[in-house]
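**Q** In terms of UniProt numbering, the sequence shown is residues 1 to 423. Cβ atoms here follow ideal geometry from the backbone N, Cα and C, with glycine treated the same way. Pasting in a structure now, in structure tokens, and then I'll have a few things to ask.
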Amino acid sequence: MWTTFLTVLKVNLRNRTALFWLVLFPVVLATMFTGMFGGLAEGYKVKPVPMAVVADANWDKAYSAQAVVTALADGTATPEGTATGSGSGAADNGGTATDGQRLLTITETDSVEGAERLLADGTAKGYLAADGDGRLALTLSRKAAIAASDSTDGSGLAISVAALKVAVDMYNRTDAVTRQALKDNPQALLSESFWSTVGYDARMTREITLTNFKPDVTARYFYALLAMACLMAMSYAANAVSMTQANLSALGIRRTVAPLRRSSQLLAGFLACWLCSFAALLIALAYIRYVCGVGIGGREPAAVVAVAVASFMTSSAGTLFGTIPKLQASAGAALISAVSCLLSLFTGLYGGFAMQLNDWIARNVPVLGAINPAQQVVNLFYSLMYYDGYGPFLRTCGTLLAMSALFLAVGVILLRRQRYEHL
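Right, dumping it as structure tokens:
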């Protein structure tokens with residue numbers, strides 16, 4: 001049995017086609033994904049917007065506006081909305097930037113004409129000016145406005161401009177409310193409690209984390225790729241079983257009449273294929289995690305367990321394919337490739353349309369995802385990324401092990417029913 005195990009292991013390692021699909025293909029495609037989606041996350045980050053400031057007579061009198069713009073440029077506006085260095089309570093902008101997050105960089109000019117020249121030569125994306133009441137006005141250049149409205153623009157300008165616009169609008173609303181309150185009740189000017197509540201962020205909404213950690217927006221594609229590679233690993237076990245079939249090859253005849261029991265041959269082949277599949281998928285996982293930088297929420301040991309369970313399932317499914325009567329090895333390889341590509345469609349591997357189809361199935365026909373081995377492999381890694389506990393992960397492992405038991409049971413039944421009239 002040990003000799004059979006080593007022999008099947010060597011045969012698998014010399015199978016160039018299988019090595020391509022299980023090792024080289026995931027690495028190459030993951031590299032392509034990294035190149036295609038590498039800048040996608042950058043488009044969701046807030047970056048400082050270069051802005052001109054019209055430092056005219058109105059600006060010189062707008063102390064509150066000066067303090068707010070300075071705070072936004074320095075990244076010192078706190079979540080509660082207190083702008084550092086504000087000249088009055090009206091400078092509190094109601095919560096616009098987070099600690100250390102700069103929303104703009106400033107270039108001062110003494111007139112609107114000077115600001116427009118800075119927009120024309122590309123030095124600034126827009127300009128800020130104060131009116132006679134000390135309120136801020138934000139103006140964008142035509143080029144910046146088009147880029148900010150373009151959903152395909154990967155520079156992140158749309159997010160940054162939206163954040164800056166919210167900051168300016170919130171400051172203007174706070175300033176207007178404060179002035180109106182003082183006009184209606186001048187005694188509030190001497191009230192410390194009044195000034196302490198100016199610009200206070202009531203936190204009607206707050207940001208919370210619903211997942212174990214913040215996953216990469218492209219992680220779905222990488223783990224769908226890993227699921228496809230997992231299904232392609234069925235070829236290892238299918239070849240190992242076909243080598244024991246007396247009606248398929250001369251080698252099958254010799255192994256059938258060998259003194260080693262057929263069950264021992266199949267067990268040794270299964271274990272060798274499981275080891276090869278596990279090693280190939282582990283290489284792909286390591287490449288995706290450490291070279292492509294797709295995180296798993298710090299649960300790398302559990303991810304190794306996930307690969308072991310997934311490779312056991314794919315070896316079981318390959319065993320079932322190998323027991324199909326009179327199925328030649330070449331036809332079996334083609335069938336495995338077709339099934340792997342088809343099932344990978346429903347995991348979202350093939351782009352935006354496939355992802356939408358995957359989401360639709362998850363919402364409307366979840367049973368199709370439950371019986372799709374590729375989707376269950378993807379769910380293994382989703383459960384590690386998105387959930388605080390290990391309950392969903394263990395349930396998915398149980399589902400894959402149940403599939404494995406079913407595949408092996410059917411395969412054993414088919415093998416037991418095979419009889420040969422002569423060898």
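1) For the alpha helix (DSSP H) containing Ile146, name the first residue and the last one.
2) What residue ranges within the region 370–407 form continuous alpha helix (DSSP H) runs of no fewer than 4 residues, ordered along the chain?
3) Of all the options Ala310, Val378, Trp2, Arg117, which has the alpha carbon lying nearest to the alpha carbon of Thr347?
4) Per DSSP, Pro50 is paired with what?
5) Do Phe321 and Ala238 have their CB atoms nearer than 8 Å?
6) Please classify Leu380 as buried or exposed, where buried requires at least 16 neighbouring CB atoms within 10 angstroms.
7) Is the beta carbon of Leu345 sitting closer than 8 Å to the one on Ala354?
8) Can you look up Leu119 in the DSSP assignment and give me helix, strand or coil?
9) Where does Gly126 sit, in a helix, a strand or coil, going by DSSP?
10) If Leu394 sits next to Phe5, beta carbons under 8 Å apart, how far is it from one beta carbon to the other, in whole angstroms?
11) Once the 5 residues before and after Arg299 are set aside, which same chain residues still bring their CB inside 7 Å of it?
12) What residue ranges within the region 271–328 form continuous alpha helix (DSSP H) runs of no fewer than 4 residues, ordered along the chain?
13) Below 8 Å CB to CB, which residues in the same chain sit around Ala229 once its five sequence neighbours on both sides are set aside?
14) Below 8 Å on the Cβ atoms is my contact criterion, and I expect Ser235 with Phe278 to pass it. Report the Cβ-Cβ distance as a whole number of Å.
15) For Thr31 and Gly351, what's the separation of their Cα atoms in angstroms?
16) Within the same chain, show all residues whose beta-carbon is closer than 6 Å to that of Gly295, passing over the 5 residues directly before and after it, in chain order.
17) Have a look at the DSSP bridge pairing and note the partners of residue 431.
18) Hey, Tyr127 and Ala62: beta-carbon distance below 8 Å or not?
19) Please go through the same chain and pick out, in chain order, the residues whose beta-carbon is closer than 8 Å to the beta-carbon of Thr107, but skip the five residues on each side of it.
20) For the candidate residues Val305, Ile336, Ser263, whose alpha-carbon lies nearest to that of Ile413?
21) Taking the alpha-carbon of Lys408 as reference, which of Ala137, Ser330, Ser315 has the nearest alpha-carbon?
22) When the Cα atoms are used, what is the spatial distance from Gly87 to Gln180?
23) When the Cα atoms are used, what is the spatial distance from Met403 to Met313?
24) Would you kindly work out how many angstroms separate the C-alpha atoms of Gly411 and Gln265, rounded to a whole number?
25) Out of Asp359, Val166, Thr323, Thr174, which one is the CA nearest neighbour of Arg220?
26) When the Cα atoms are used, what is the spatial distance from Trp274 to Ala71?
27) So, is Gly318 buried or exposed, given that buried needs 16 or more other C-beta atoms within 10 angstroms?
28) Can you tell me which of the three DSSP states Leu343 falls into?
29) Leaving out five residues on either side along the sequence, give the residues of the same chain with a beta carbon under 7 Å from the beta carbon of Asp56.
30) So what does DSSP say about Leu136, is it helix, strand or coil?
31) Have a look at Met1 and Arg416 and give me their C-alpha separation to the nearest angstrom.
32) Report yes if the CB atom of Leu138 is closer than 8 Å to the CB atom of Ala147, and no otherwise.
33) Cβ atoms of Ser340 and Leu226: under 8 Å apart, would you say?
34) If the criterion is Cβ atoms closer than 8 Å, does the pair Trp59 and Ala176 meet it?
35) State buried or exposed for Ser191, treating a residue as buried only when at least 16 other CB atoms are found within 10 Å of its CB.
36) Taking the alpha-carbon of Glu116 as reference, which of Arg142, Gly132, Val367 has the nearest alpha-carbon?
**A** Walking through what the data contain:
1) Within the sequence shown, numbered from 1, the residue matching residue 146 stands at position 146. Start and end: 142–149.
2) 373–386
3) Here residue 347 refers to the residue found at position 347 when the sequence shown is read from its first residue. Considering only alpha carbons, the answer is Val378.
4) Taking the sequence shown and counting its residues from 1, the one referred to as residue 50 is at position 50. Looking at the DSSP assignment, Pro50 forms a beta bridge with Thr105.
5) Translated into the one-based positions of the sequence shown, residue 321 becomes position 321. Translated into the one-based positions of the sequence shown, residue 238 becomes position 238. Yes.
6) Stepping through the sequence shown from its first residue, residue 380 is reached at position 380. Buried, by the Cβ-count rule.
7) By 1-based counting over the sequence shown, the position of residue 345 is 345. By 1-based counting over the sequence shown, the position of residue 354 is 354. Yes, the Cβ-Cβ distance between Leu345 and Ala354 is below 8 Å.
8) Numbered from 1 along the sequence shown, position 119 holds the residue referred to as residue 119. Leu119: helix per DSSP, three-state reduction.
9) The sequence position of residue 126 within the sequence shown is 126, counting from 1. Three-state result, Gly126: strand.
10) Indexing the sequence shown from 1 puts residue 394 at position 394. Indexing the sequence shown from 1 puts residue 5 at position 5. So it is not a contact: roughly 30 Å between Cβ atoms.
11) Locating residue 299 in the sequence shown gives position 299, counting from the first residue. Leu384.
12) 300–322
13) Numbered from 1 along the sequence shown, position 229 holds the residue referred to as residue 229. Trp21, Leu22, Phe25, Pro26, Ala280, Leu281, Ala284, listed in sequence order.
14) To locate residue 235, count along the sequence shown from 1; it is residue 235. To locate residue 278, count along the sequence shown from 1; it is residue 278. The Cβ separation is near 15 Å, so there is no contact.
15) Locating residue 31 in the sequence shown gives position 31, where the first residue counts as 1. Locating residue 351 in the sequence shown gives position 351, where the first residue counts as 1. Rounded to the nearest angstrom, the two C-alpha atoms are 16 Å apart.
16) Here residue 295 refers to the residue found at position 295 when the sequence shown is read from its first residue. Result list for Gly295: empty, nothing under 6 Å.
17) No answer is possible for residue 431: it lies beyond the span of the chain, which begins at 1 and ends at 423.
18) On the sequence shown, position 127 is the one that residue 127 refers to. On the sequence shown, position 62 is the one that residue 62 refers to. Against a cut-off of 8 Å, the Cβ pair of Ala62 and Tyr127 comes out as no contact.
19) The residue given as residue 107 occupies position 107 in the sequence shown. Result list for Thr107: Pro50, Met51, Ala52, Val53, Leu118, Thr123, Ala124, in chain order.
20) Sequence index remark: in the sequence shown, residue 413 carries index 413 (1-based). Per the Cα distances, Ser263.
21) On the sequence shown, position 408 is the one that residue 408 refers to. Reading off the sequence, residue 408 comes out as Leu, not Lys. Taking only the C-alpha atoms, the option nearest Leu408 is Ser315.
22) Locating residue 87 in the sequence shown gives position 87, where the first residue counts as 1. Locating residue 180 in the sequence shown gives position 180, where the first residue counts as 1. Here Gly87 scores only 35 on pLDDT, less than 50, and its place in the model should not be relied on; the value that follows carries that caveat. Going by the C-alpha atoms only, they are around 18 Å apart.
23) Working through the sequence shown from its first residue, we reach residue 403 at position 403. Working through the sequence shown from its first residue, we reach residue 313 at position 313. In a straight line, the C-alpha of Met403 is about 7 Å away from that of Met313.
24) Locating residue 411 in the sequence shown gives position 411, where the first residue counts as 1. Locating residue 265 in the sequence shown gives position 265, where the first residue counts as 1. Looking at the two C-alpha atoms, the distance is approximately 15 Å.
25) Sequence index remark: in the sequence shown, residue 220 carries index 220 (1-based). Measuring from the Cα of Arg220, the nearest candidate turns out to be Asp359.
26) As a working note, residue 274 is residue 274 in the sequence shown. As a working note, residue 71 is residue 71 in the sequence shown. Going from the Cα of Trp274 to the Cα of Ala71 covers about 59 Å.
27) Within the sequence shown, residue 318 is the residue found at index 318, counting from 1. Under this definition Gly318 is a buried residue.
28) Indexing the sequence shown from 1 puts residue 343 at position 343. Three-state DSSP puts Leu343 in a helix.
29) For the purposes of this step, residue 56 is taken as residue 56 along the sequence shown, with counting starting at 1. Contacts found: Asp110, Ser111.
30) For the purposes of this step, residue 136 is identified with residue 136 of the sequence shown, where counting begins at 1. Note: Leu136 maps to strand in three-state DSSP.
31) Here residue 1 refers to the residue found at position 1 when the sequence shown is read from its first residue. Here residue 416 refers to the residue found at position 416 when the sequence shown is read from its first residue. If I take the Cα positions, the gap works out to 20 Å.
32) The count along the sequence shown starts at 1 and reaches residue 138 at position 138. The count along the sequence shown starts at 1 and reaches residue 147 at position 147. Going by C-beta atoms, Leu138 is not nearer than 8 Å to Ala147.
33) Mapped onto the sequence shown, residue 226 falls at position 226. Mapped onto the sequence shown, residue 340 falls at position 340. Contact: no.
34) Counting from 1 along the sequence shown, the entry for residue 59 is found at position 59. Counting from 1 along the sequence shown, the entry for residue 176 is found at position 176. It is not a contact, given that the beta carbons lie outside the stated cut-off.
35) For the purposes of this step, residue 191 is taken as the residue at position 191 of the sequence shown. So Ser191 ends up on the exposed side.
36) The sequence position of residue 116 within the sequence shown is 116, counting from 1. Comparing Cα-Cα distances from Glu116 to each of Arg142, Gly132, Val367, the minimum goes to Arg142.
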